Amino acid sequence: MSIKHINEAQFDAEVLQDKGLVLVDFYADWCGPCQMLGPIMEEVSDALGDKIKIVKVNVDEAQSIAQQYGVMSIPTVYLFDAGSKMSKFVGVKSKEEIIDFIENA
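Positions in the sequence shown are counted from 1; adding 12 to them yields our numbering.
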């Protein structure tokens, strides 16, 4: 499953109304660690396929959503299950660590 870039207008439908697991990667184009996490998220998406939806939210373009969820540093990654925020991590993790994070949330 490919990673989808969403904006503030799409957040409700793509994340909060989704009935399954959604991993939300809050990032910025200028953020070095965010650029490192991007390919890792692609690997996670390939590994987990339809078990999870992964979306990316640019904090520069969706400041109110980032503020609403208390994003202070990037990358910040939240896991939602059926629209409810489950857990988060901040910073870069390996593919294995992210899969473990999802499976043990």
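Beta carbons: idealized from backbone N, C-alpha and C, even for Gly.
Just so it is clear, the structure is predicted and the values come from calculations on it, not from any experiment.
DSSP places M98 within a strand segment (E or B) once states are collapsed to three. For L91 against M84, the beta-carbon gap comes to about 18 Å, at or over 8 Å, which does not count as contact. In the three-state reduction of the DSSP assignment, I86 falls in the coil class.
For D37, the three-state secondary structure derived from DSSP is strand.
Collapsing the DSSP output to three states places I64 in coil. Here DSSP, grouped into helix, strand and coil, assigns I18 to strand.
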